[in-house]
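Here the sequence shown is numbered in the working numbering, starting from 79 and rising by one per residue.
Take a look at the structure set out below.
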Amino acid sequence: MMAALTDSSPDMAGGAQAGPEPGRVVEALELLLGPPSDGDSAAEPGPEPALCPETLRRNAAALEERLSGAAGWAALRELRAAVLSRAPALAAGVAGTEPGWAAACGLLALLLCLRDRLAALAATSTATSAAPGAPPPPGADTLSVGQERAVRRALRAAVGLGLLPHLPPGLGPGPGLGPPPGTRGARLFAAVAALVELARLPALGAPLLARHLRLLLSGLCVLGHGPAALCQGVSEAERAQCREALRDILDRVYQPLAVQELLVLQGQPKQSSAGARAAPAWLRRLCGHLLSERLLRPGGVQAVVRGVLEGTDGGAGAEAAALDWRKCDAVGKILAACPQQCLSLEDYYRQVCPQILDLLHIQDKVAARQFQRVATTTLLTMAREQPQLAEKHLLQPLLAPLRRCSEAAELALEDLTAGAVLVPEAELGSCVEDMLKVYVVGNDSSSLLLGSLQSVLGVVFSLYSFAKQNVSYLRSPCQDILLWFLEKAEREQSLAVLEGLAGLSSHVPTLHPQCQLCVGSEGGAAVIVGESTSDEDEALYQKISLEQCHVESLVELLSHCQKSGLAGDFFIHCLKELTQVAAEDEAAPNPAVEPAGSLLELEQSQARQGRKLLVLQLVAALCQGVSDTVFTDIVQVQEFLAAVLHRACAHPAQGPGAAAEAQTLAMAMGLVAAVLGGAVQLKSSDFEVLKRLVPLLEELSRTYPDPLTQELASDLRIAICTHGACSPGTVGAAADSVLGRKPGMAAQSPAGPPGTAPSPPSPRHGHGHSPSAHSERSKGQSTCHEPSASGVSPAPCADSLAPAGLQELLLSAYDPQPPSRAAALRHLASLVTQRDPEALQLQEKLLQVFLENVQHEDAFVYLSAIQGIALLSSEYPERILPVLLAQYECPAQGTEDAMAAVTRMKLGEVLMRVTRALGDMVFQHREPLIRAFLRGARDPDSALRASSLSNLGELCQHLGFQLGSIIQEVTGCVTAIARTDPEAEVRRAAVHVVVVLLRGLSDKVTEVLQDVLRDLYRLLKHVVTAERDAAAVLHAQLALEELDTAVRRVLFPPQTLEKKIVVLP
């Protein structure tokens, strides 16, 4: 029967002109069904309440009467007879005595007539073009809204009366109507065959498959794959047709809908009732097989995921969210399991894995989170169960864009032309986002995932460093990926990776030397083949700049790892590496000095020197970036101290770097003393850790050349061994210096026995930072203003009226050790800030101390002195500013020109800090300040001239309206220097004065500078046209832009709507 229905054509019905109109067929359907009931729009099929047996018989009789005698119904009668002749089972049902089956057959026959007419009309209709601007006309086979409603009602009744009662128990939503024995199979086939034929026409198939797909699939499954007992009266050929029709319908419908219906048939009913039965075993096996076929189709993974998760949006409640995640995890585990009908596990992974990776790229924001969860769960499950296949088919394609540009890539980059795009921006951005979803969001720290990620970490770090220097959205995901790996990996592995990222080892493949990152048009980055340069200086500059950028990026990355202790461990690792490099340098001969050295030895020596410089750069950057909170526990402190003490034992302070080595050792021993002196709460277990320092301290006490350091090392060893019970005076003195406590106020060690008083400091050591510092200070106290042997500025005799604590600070401000000196200067500055009465009485002496320390070469010292002078000047500008201006204009006699210029530049910085602190009050000191800077602008030293001009520009910016007539002098000076000065940096500074002046005045430029505006404009145009220095030209262009903007605002003010209220008299 199905073959006969399929082979039928519209011509068999007499053509498009001779057949009945579709409206006539719909009218016949409404006559057979009777008036619509209230439940006609329900989704579930079934007989309507009004279709009782008597009503069905009466409606069928009325239809037959209408067909036999009414005018205009002859064509429908002929078409209906032709349809029934092709379907004997339907003809027998129409002529039968059972009302339900007869009505179902009559409805199916009329629906088949409608199908033939619509198909004939569609085949003979010609396309007509619509008028411009008008909607296209409907097709000849289009039904009206009322007709569609009647067709849906007829389909519902046909399925409910013809298909549903003949399904076996457990397949329908409710119990059947009980057909006569032996007729179930034949009737089911007749109804299914007619419905399958209706589903082939889109106009009828759309409402049929949208509402009744599950029941149609149930009938096809029973007829095509069910037991023989359920298919009595159905031949094997007809069963084969049902199997073919089942696959055809599953292929044509929306795949997520097909997956949903198959899951329901497999035993997951949407509406469970007390009488519902579980699906039979044969049907569950069949649905599983069909679901696997859906999965293995192109796009099948997404169809399965959508079919399972459709309608799940995460919910607002906790239960809905938990159900959402459980569903996603369940789907992921299902996708990770290989179906039984798949030929091999390799084939399954080859077909499914690309689709799993595509799930990460879903653009729908609502479903993206669920698809990402499914893809991540599937990938992680596959990685655990089949690591080799998962790496081959999932991880390698995922990381392919990054591996393509790695230095370990096998691609012959030399065959590509310079500038060729190796990894496009979209592909690189998608790869980084996918890695973030899989590794960071998935958060599975298995060895496979960590190993695969480590192979591309070098490229990710290069991309992170590049994004840090530019504006790119890739910075945050790259940082998250790097931090996730460093957190999840073993500490040794993390340190090895950090060492590779820093360039100290080859554990991590980095970006290929011939590859180059460039900014993308969408805010990302792309990888291109870089151009080779023949200029050795340029290549060296690029290499050094890249290394510096990588070091800065690494330090910033480690600043996020301080709580975990990784930053401290890496810092200690770098210190140990520095000691090892120094030992290698001493052991290895210098080929540059020895003529017999080979070229290979020279290259090895250069490599060692480069490694040493890189380690030094790393240590310096770490000290500056993360040293304040780098250590998280006593173990890291002990390891740091051990590294410093070991280096001191192996290489005592000697040679050009002796001072730095001595300062480092003094700092380390002071730290040990501070730990023992109460800086931290020590437990007995902490002393066990500190005892690891005892051998190093013992060796230091025997071999170090300085006797005072030997004594302090011996005392520290005693304090550690006795758990602080015996703490000699040197330990307390060193702790006081580090902690900044006054003498005699040292806190008792927490580990010491209760009731014991703190040990008094040794008389011969004072309270300095280190033993050598104590010795130098005692000499300074005895000689008072006598010059010291080391060349340090002499310490003034402390005022006898000064308290002991302040006197100690004044003496410490001349300590030979820069850390102690800087700490004393900052303490004195804090006393000025706090308006300490004792310190304010000695303001002249404090000013002398600060001014003398400004000349110190150590940046930490002279910056602390500059801060102190600025604070003192802001408190007493009338007293301090004249002294500063005098020193700025007339440097001290007997100093070298270079040193005098440097000191004057430092004083200029002091004056600018005072200017900022005074704010509007600086107007009182306008003329002496500007006069000093104008004189500095004529100094022979070019650096001082540039510095004076910079200060002059900032001062004019602060003065604003208060410049007055002095603007003429400033303009003349700037113009003369910008036109005639031989140094480019000075001309650049002169133009910068104009930029700052215009930028500071903003909208008031035309008012304040009205007398000199033309001169400034001519100067800027002259610089743009005649200046050779590119930076000066750039400054001039910026100034012209500022001037243009200001003038335009004056000439073309913005139009604003204002409401004015005038009060009449």
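C-beta atoms are modelled at their ideal positions from N, C-alpha and C, and glycine is treated no differently.
Note that the coordinates shown come from a computational prediction; the quantities given were computed from them, not determined experimentally.
query: Beta carbon of residue 1026 nearer than 8 Å to that of residue 986; result: yes
query: Proximal residues to residue 1023 (C-beta, below 8 Å), its chain only, five neighbours per side dropped; result: 1014, 1015, 1016, 1017, 1055, 1059, 1061, 1064 and 1067
query: Candidates 155, 698 and 460, of which the one nearest residue 143 by Cα; result: 155
query: Residues bridged to residue 593 [DSSP beta-bridge criterion]; result: 607
query: Opposing strand residues paired with residue 499 [DSSP bridges]; result: 606
query: C-alpha distance - residue 562 paired with residue 600, whole-angstrom precision; result: 26 Å
query: 8 Å Cβ cutoff met for residue 745 and residue 794; result: no
query: Short CB-CB distance (under 8 Å) between residue 767 and chain D; result: Considering every chain present, this structure includes no chain D. It has just one protein chain.
query: Residue 521 - containing alpha helix (DSSP H), residue span; result: No alpha helix (DSSP H) contains residue 521, which DSSP labels as neither H nor E.
query: Cβ contact check for the region 637–650 and the region 560–574: 3 or more pairs under 8 Å; result: yes
query: Residues of its chain near residue 718, where Cβ-Cβ distance is below 6 Å and the 5 sequence neighbours each way are ignored; result: 650
query: Three CB pairs or more closer than 8 Å across the region 1108–1127 and the region 1072–1084; result: yes
query: Contact under 8 Å by Cβ, residue 648 with residue 635; result: no
query: Exposure label - residue 184; buried when at least 16 CB within 10 Å; result: buried
query: For residue 484, the residue or residues it bridges with in DSSP; result: 589
query: Three-state secondary structure assigned by DSSP to residue 1130; result: coil
query: Cβ pair residue 406, residue 448 closer than 8 Å; result: yes
query: Residues near residue 829 in its chain [Cβ-Cβ closer than 7 Å; skip 5 each side]; result: Residue placement at residue 829 is poorly supported in this model, since its pLDDT is 37, which falls under 50; the coordinates still yield a value, given next. Answer for residue 829: 760, 765, 801 and 802, listed in chain order.
query: Residue 372, buried or exposed, once every other Cβ within 10 Å from all chains shown has been counted against 16; result: buried
query: Same chain, Cβ closer than 6 Å to residue 378, neighbours up to 5 away in sequence not counted; result: 372
query: Contacting residues, own chain, Cβ-Cβ under 7 Å from residue 1049 (five flanking each side not counted); result: 1090, 1093 and 1094
query: Assumed close pair residue 167, residue 134 - CB separation to whole angstroms, cut-off 8 Å; result: Not a contact, Cβ separation roughly 19 Å.
query: Minimum C-alpha distance to residue 1166 - residue among 988, 965 and 990; result: Beyond the ends of the chain as shown, which are 79 and 1143, falls residue 1166; an answer cannot be given.
query: Exposed unless 16 or more other CB atoms sit within 10 angstroms - verdict on residue 479; result: buried
query: Chain-order list of residues whose beta-carbon lies under 6 Å from that of residue 426 (same chain, five-residue window excluded); result: 416 and 420
query: Inter-stretch contact (C-beta, 8 Å, three-pair minimum) for the region 992–1001 and the region 947–967; result: yes
query: DSSP three-state assignment for residue 558, whether helix, strand or coil; result: helix
query: Contact set for residue 967: own chain, Cβ-Cβ below 7 Å, skip 5 residues either direction; result: 1010 and 1013
query: Buried or exposed (CB count within 10 angstroms, at least 16 for buried), residue 512; result: buried
query: Residues near residue 114 in its chain [Cβ-Cβ closer than 7 Å; skip 5 each side]; result: 231
query: Those runs of the alpha helix (DSSP H) which lie wholly inside the region 237–305 and span at least 4 residues; result: 262–277 and 280–303
query: CB of residue 437 within 8 Å of CB of residue 474, strictly; result: no
query: Contact check, residue 195 vs residue 98, beta carbons under 8 Å; result: yes
query: Close Cβ partners of residue 620 (< 8 Å) along its chain, the five nearest in sequence each way excluded; result: 611
query: Short Cβ contact (8 Å threshold) for residue 300 with residue 246; result: yes
query: Proximity to residue 499 [Cα-Cα], best of 483, 931, 508 and 514; result: 483
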